[in-house]
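Numbered as in this note's numbering, the sequence shown ends at 431 without a single skipped number. Have a look at the structure below, then the notes.
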Amino acid sequence: MRLASSSALAWLAASRQSEIAGLQQLLQAGRLTGEISQLIHVLQRERGASNIWLCSQGQLFGDELPQRGRDVGRSLQSVLALLPPLPAADSPRAGNSRLFSRIAAALCALEALDALRQSVRLLAVSHATAMSTFNNAIGQLLNLVFEMVDTASDPGVSRALLAMFSFMHAKELAGQERAIGSAGFAAGEFTPAQSQQMVALIEAQERCFSYFEQFADANSLQCWHGLGGAEGEMERLRRIACTGSRPDRQGAAMALHWYQRLTRRIDGLKTVEDQLAVALMQRCRQSIAEAGAPLSAAELQLRVPQAQAAPAFSLVLTGEAWQGAQQAPLEAGGLTPKLGRSVLELIQQQSKRLQDQDDQLAAMRASIEERKQVDRAKLLLMRLQGYSEDRAFQTLRKMAMNQNKRIGEIAAALLAVAPAFGEEQG
Numbered sequence: 006m007r008l009a010s011s012s013a014l015a016w017l018a019a020s021r022q023s024e025i026a027g028l029q030q031l032l033q034a035g036r037l038t039g040e041i042s043q044l045i046h047v048l049q050r051e052r053g054a055s056n057i058w059l060c061s062q063g064q065l066f067g068d069e070l071p072q073r074g075r076d077v078g079r080s081l082q083s084v085l086a087l088l089p090p091l092p093a094a095d096s097p098r099a100g101n102s103r104l105f106s107r108i109a110a111a112l113c114a115l116e117a118l119d120a121l122r123q124s125v126r127l128l129a130v131s132h133a134t135a136m137s138t139f140n141n142a143i144g145q146l147l148n149l150v151f152e153m154v155d156t157a158s159d160p161g162v163s164r165a166l167l168a169m170f171s172f173m174h175a176k177e178l179a180g181q182e183r184a185i186g187s188a189g190f191a192a193g194e195f196t197p198a199q200s201q202q203m204v205a206l207i208e209a210q211e212r213c214f215s216y217f218e219q220f221a222d223a224n225s226l227q228c229w230h231g232l233g234g235a236e237g238e239m240e241r242l243r244r245i246a247c248t249g250s251r252p253d254r255q256g257a258a259m260a261l262h263w264y265q266r267l268t269r270r271i272d273g274l275k276t277v278e279d280q281l282a283v284a285l286m287q288r289c290r291q292s293i294a295e296a297g298a299p300l301s302a303a304e305l306q307l308r309v310p311q312a313q314a315a316p317a318f319s320l321v322l323t324g325e326a327w328q329g330a331q332q333a334p335l336e337a338g339g340l341t342p343k344l345g346r347s348v349l350e351l352i353q354q355q356s357k358r359l360q361d362q363d364d365q366l367a368a369m370r371a372s373i374e375e376r377k378q379v380d381r382a383k384l385l386l387m388r389l390q391g392y393s394e395d396r397a398f399q400t401l402r403k404m405a406m407n408q409n410k411r412i413g414e415i416a417a418a419l420l421a422v423a424p425a426f427g428e429e430q431g
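This is the structure in structure tokens:
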């Protein structure tokens with residue numbers, strides 16, 4: 006196989022430029038994730054204010070509602086500014102179908118909030134309906150973030166995205182816990198269904214925090230550990246909600262007390278989320294810098310004066326993954342020994358680095374796919390057995406422990422037999 010210096014280095018440079026272009030897209034995805042994080046936070050605030058307004062029958066937070074809506078509008082504009090441009094109708098962009106579908110679903114869910122705001126203001130909507138509409142909008146935004154996690158091509162950036170998504174998910178579950186708790190405390194008691202929901206939300210938060218700790222950077226973990234666990238009063242209120250005990254107070258005042266405790270907790274979580282956004286951007290820029298360094302070396306080698314040319318030579322390389330079964334000599338085709346070694350070293354370094362990235366991404370995507378399978382298996386049990394989400398997860402975990410297997414293996418086995426029950430899994 007004959008190599009010419011201009012050809013070899015040109016293709017190596019093209020490879021580097023392609024990698025950097027992909028990383029630049031991830032940098033943009035990181036910026037978008039940070040803005041989505043902020044949009045979700047202000048949506049959670051609006052949901053909380055609307056929740057207390059409805060639970061208090063229009064006594065509390067009336068002055069806050071318009072401002073919360075304006076905050077969402079401003080944050081939404083920041084998100085829209087970072088969305089990828091729409092492709093021209095005559096030149097569709099390959100490989101973006103799922104991403105564009107997620108964007109469409111998120112925008113559709115956000116548009117539904119305009120009508121909801123009027124109904125909330127007029128107290129013309131139930132607490133459950135209002136919360137469901139807010140939850141759907143936030144859930145669609147989280148789906149969009151997860152889509153970017155699932156398609157990230159750099160393992161370091163993937164880890165940062167996955168850590169941030171897991172934490173954002175946990176924070177949203179805390180927001181739902183706040184909403185359900187407010188309704189229960191306002192009513193003076195929790196129904197069995199509400200208590201079960203509270204237990205499930207708390208346990209789901211812990212699972213998400215566990216995912217976050219698995220992938221987060223050191224600074225974000227330090228910020229998280231500095232936040233500490235739930236305070237004593239919050240734990241006391243949680244016990245009341247989870248056990249169905251009657252609170253010592255009830256009505257709007259008790260709902261507001263719970264709301265304030267949970268809001269303090271959620272605002273603390275936002276500081277960790279902000280640190281994760283910083284870490285994500287740093288990781289993106291670091292990956293771009295690392296990808297650019299070998300390219301600069303290649304460009305420098307291209308400037309070697311032709312007058313320094315020396316006789317050509319051949320190298321035989323063995324055991325390189327990028328060679329496959331071929332171990333034929335690589336002809337230098339006019340490269341000097343020094344320049345030829347440099348080119349081959351660059352090719353080897355790049356090949357090894359890309360292979361390492363592929364291996365890390367494969368492991369990470371296996372973790373993401375296992376998480377998806379567990380979620381699908383939970384839904385299957387919920388449909389077939391009428392289980393709650395928490396009971397479905399506990400069932401999967403118990404089966405895994407009894408069979409000495411990972412929960413992902415149990416989920417995969419369950420999904421494999423789903424067609425026998427008339428269930429289609431996709």
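We treat Cβ as the ideally placed atom computed from N, Cα and C, and that holds for glycine.
Between the Cα of residue i and the Cα atoms of the options, which residue gives the shortest distance?
i: Thr38; options: Arg251, Arg266, Leu88; result: Leu88
i: Leu115; options: Thr156, Leu48, Met387; result: Leu48
i: Ile373; options: Ala423, Leu267, Ala405, Glu152; result: Glu152
i: Ala368; options: Ser80, Asp159, Gln82, Arg290; result: Asp159
i: Ile271; options: Arg122, Phe170, Ser187, Lys176; result: Lys176
i: Ser215; options: Leu167, Gly231, Phe195; result: Leu167
i: Leu65; options: Gln201, Ala120, Ser187, Leu242; result: Ser187
i: Gln280; options: Ala142, Asp222, Ile25, Met203; result: Asp222
i: Arg107; options: Leu85, Leu121, Val150, Asp68; result: Val150
i: Ala26; options: Val379, Ala294, Gln399; result: Ala294
i: Arg376; options: Ser171, Asp76, Val84; result: Ser171
i: Asn101; options: Thr156, Gln378, Ser12; result: Thr156
i: Thr71; options: Asn141, Phe220, Glu414, Arg126; result: According to the sequence displayed, residue 71 carries Pro and not Thr. Considering only alpha carbons, the answer is Arg126.
i: Asn56; options: Val130, Gly78, Ala94, Leu17; result: Val130
i: Ala120; options: Arg381, Phe139, Tyr392, Trp16; result: Phe139
i: Ala86; options: Leu28, Ser137, Ala34; result: Ala34
Is the beta carbon of residue i less than 8 Å from the beta carbon of residue j?
i: His132; j: Leu59; result: yes
i: Glu394; j: Met404; result: no
i: Gly297; j: Arg183; result: no
i: Ala284; j: Ala165; result: yes
i: His3; j: Cys113; result: Residue 3 cannot be examined here, being either before or after the span of the chain that is shown, 6 to 431.
i: Leu232; j: Gly273; result: yes
i: Gly249; j: Phe195; result: yes
i: Ala32; j: Cys228; result: It should be noted that the sequence gives Leu, not Ala, for residue 32. No, the pair does not count as a contact, with Cβ atoms beyond the cut-off.
i: Leu242; j: Ala209; result: no
i: Ser42; j: Val162; result: no
i: His46; j: Lys275; result: yes
i: Ala128; j: Gly67; result: Correcting the residue type first, residue 128 is Leu in the shown sequence and not Ala. No. Outside cutoff.
i: Met203; j: Ala135; result: no
i: Arg266; j: Met286; result: no
i: Ala218; j: Leu206; result: For clarity, residue 218 is Glu in the given sequence; the question names Ala instead. Their beta carbons are not under 8 Å apart, which means Glu218 does not touch Leu206 by this criterion.
i: Met169; j: Ala282; result: yes
Less than 8 Å between the CB atoms is what I'm expecting for residue i and residue j, so what's the real figure, rounded?
i: Arg433; j: Arg50; result: What the structure shows of the chain is the stretch from 6 to 431, and residue 433 is not part of that stretch, so it cannot be assessed.
i: Ala417; j: Leu401; result: With a Cβ gap of about 11 Å, Ala417 and Leu401 do not count as contacting.
i: Asn148; j: Ala110; result: 7 Å
i: Ala260; j: Ser124; result: Their Cβ separation, rounded to whole angstroms, is 20 Å, which puts Ala260 and Ser124 out of contact at 8 Å.
i: Gly193; j: Gly256; result: 7 Å
i: Ile185; j: Gln201; result: Not quite, the Cβ-Cβ distance comes to about 10 Å (not below 8 Å), so this is no contact.
i: Leu420; j: Leu389; result: Contact doesn't hold; Cβ gap of about 12 Å is too wide.
i: Val77; j: Glu40; result: In fact, because the Cβ distance is near 13 Å, the residues do not count as touching under 8 Å.
TODO: Enumerate, from N- to C-terminal direction, the unbroken alpha helix (DSSP H) stretches of 4 or more residues contained entirely within the stretch 60-143.
DONE: Taken in chain order, the unbroken stretches of alpha helix (DSSP H) that lie wholly in the stretch 60-143 and span 4 residues or more are 69-87, 102-126.
Open item on the list: For a minimum of 4 consecutive residues, which ranges assigned as the alpha helix (DSSP H) are wholly contained in the stretch 368-419?
Closed with: 394-408
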